[in-house]
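K.L.:
First to last, the sequence lines map onto chains L and S.
Whatever position you read off the first sequence (first residue = 1), add 130 for this note's numbering.
Whatever position you read off the second sequence (first residue = 1), add 130 for this note's numbering.
2 protein chains.
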Amino acid sequence: MYVINNAGLTQASLPGLVHQTLAGSGAGLKGLSVWRQTISPGAATPPHRHDCEEVVVVSAGRGELHIADGVHTFGPDSTLVLPRNVNHQIFNTGTEPIELVAVLSMTPVEVVLPDGQPLPLPWSS
Amino acid sequence: MYVINNAGLTQASLPGLVHQTLAGSGAGLKGLSVWRQTISPGAATPPHRHDCEEVVVVSAGRGELHIADGVHTFGPDSTLVLPRNVNHQIFNTGTEPIELVAVLSMTPVEVVLPDGQPLPLPWSS
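(1) Which residue from Gln141(S), Asn215(S), Val188(S) puts its Cα closest to that of Cys182(S)?
(2) What does the alpha-carbon distance come out to for the pair Asn136(L) and Leu195(S)?
(3) Short of 8 Å in beta carbon distance, which residues of its chain neighbour Gly161(S), apart from the five on each side in sequence? Order them along the chain.
(4) For a contact defined as C-beta to C-beta under 8 Å, what are the partners of Val239(S) on chain L?
(5) Who are the near neighbours of Val239(L) in its chain, counting only those whose CB is closer than 8 Å to its CB and skipping five residues on each side?
(6) For Gly158(L), go through chain S and note every residue whose CB falls closer than 8 Å to its CB, in chain order.
(7) What does DSSP give as the partner residues of Trp165(S) in its beta bridges?
(8) In angstroms, rounded to a whole number, what distance separates the CA positions of Ile228(L) and His218(S)?
(9) Cα-Cα, which of Leu152(S), Val185(S), Gly146(S), Thr225(S) is closest to Gly158(L)?
(10) Note down the Cα distance separating Glu226(S) from Pro248(L), rounded to an integer number of angstroms.
(11) The stretch 134-151 of chain L: which residues have C-beta closer than 9 Å to a C-beta of chain S, in chain order?
(12) Just reading off the beta strand (DSSP E) that Gln219(L) is part of, what are its end residues?
(13) To the nearest whole angstrom, what separates the beta carbons of Asn222(S) and Pro171(S), a pair I think is in contact under 8 Å?
(14) Do we get a CB-CB distance below 8 Å when we pair Asp207(L) with the residues of chain S?
(15) Buried or exposed: where does Leu243(L) fall if 16 or more other Cβ atoms within 10 Å of its Cβ makes it buried?
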C-alpha cells in the first residue's frame, strides 16, 4: 500500500486530543510512525516518554512544550525536537486548536509515563 | 534545541522544488530527518532511492508516485509509504503546488540514483 487517503483513516481520541495514525506498522513500516493530532485549547498530551526520537511539526496553534525541567513556548509553524527517553508534555495554551504531525522512530510506539508505567494508547501506532 | 521556528530555516532548491530541512542531524537527531518541500506543477523529484524508510504527508496538490514498476495517483491529504531501497519519484501532475512533509528514518540521508550513483543533495539533511 503505497498511497493512503487520509480521509479514510480512523480517528481515536484522548481528552481534548484527536488522533489519526497516518502510517506505522499497519502500513508495513518497520521503524517509523507518523501521527496527526489536534489538541484543543486548554488540553494537553499526557506527560510521557518513549525509547525513540520524535519530531513534531506544528502547523497551527500555540502552546508550551514541557520537557526535562524546562518550559518552551511555540507558535504556529514550529518544529519540536524530542530526544529519546526524555519526559515531555505538550500543552495548548492558545485560543486555537494545535494542528500537528508527530513523527517517531519506532513502530509500534511503546509509551511510558514518567514513573515508568506503560501508557496504553487508544490507537494502533 | 527543543523548539525550532520554521520561518528562520534556510531554503534550498532543485528545479521546480523548494526544500527546508525542519529537523535532522543538525538538530541533534540520530535516526530521523524531517523535510518540508513544495513541488511546482509540472515538476518532479529526481528518481532515487535510499537505505531507509520514508513517509510523505501531502497536505495540498495532486500528483503521481512512480515506484517500482507502478504508478499511483494521489490527491491532497494523502500519505505515501515508501519502503527501504525502492526507487521512487514524485510528479506534480496538477495545477497547484504540492505541499508535503517527508519523514525519513535516517540522518543525514544518503540518496542514490536508480543506477546506484550517489545523488548529492543541495541541503543538509
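Every residue gets a Cβ at the ideal spot worked out from N, C-alpha and C, and that includes glycine.
Quantities reported herein were computed from a predicted structural model and do not represent experimental measurements.
P.N.:
Taking the structure as given:
(1) One-based indexing of the second sequence puts residue 182(S) at position 52. Per the Cα distances, Asn215(S).
(2) Position 6 of the first sequence, counted from the start, is the residue given in the question as residue 136(L). Position 65 of the second sequence, counted from the start, is the residue given in the question as residue 195(S). When rounded, the distance between both Cα atoms is 16 Å.
(3) Locating residue 161(S) in the second sequence gives position 31, counting from the first residue. Closer than 8 Å at Cβ, skipping near neighbours: Ser235, Met236, Thr237.
(4) As a working note, residue 239(S) is residue 109 in the second sequence. Correct list: empty, because the minimum Cβ distance to chain L is about 13 Å.
(5) For this step, residue 239(L) is matched to residue 109 along the first sequence. Taken in chain order, the residues that qualify are Gly154, Ser163, His180, Cys182, Leu251, Ser255.
(6) For the purposes of this step, residue 158(L) is taken as the residue at position 28 of the first sequence. The contacting residues are Val211, Pro213.
(7) Counted from its first residue, the second sequence places residue 165(S) at position 35. Paired residue(s): Thr151(S), Ala232(S).
(8) Taking the first residue of the first sequence as 1, we reach residue 228(L) at position 98. Taking the first residue of the second sequence as 1, we reach residue 218(S) at position 88. Whole-angstrom Cα-Cα distance: 32 Å.
(9) Residue mapping note: residue 158(L) aligns to position 28 of the first sequence, counting from 1. Ranking the options by Cα distance to Gly158(L), first place goes to Val185(S).
(10) Looking up residue 226(S) in the second sequence gives position 96. Looking up residue 248(L) in the first sequence gives position 118. Looking at the two C-alpha atoms, the distance is approximately 44 Å.
(11) Ile134, Asn135, Asn136, Ala137, Leu139
(12) For the purposes of this step, residue 219(L) is identified with residue 89 of the first sequence, where counting begins at 1. Start and end: 218-222.
(13) Residue numbering aside, residue 222(S) sits at position 92 when the second sequence is read from its first letter. Residue numbering aside, residue 171(S) sits at position 41 when the second sequence is read from its first letter. That pair is a contact at about 5 Å.
(14) For this step, residue 207(L) is matched to residue 77 along the first sequence. Yes, Asp207(L) counts as interfacial toward chain S.
(15) Start at 1 with the first residue of the first sequence, and residue 243(L) comes out as number 113. Exposed, since its Cβ has fewer than 16 Cβ neighbours within 10 Å.
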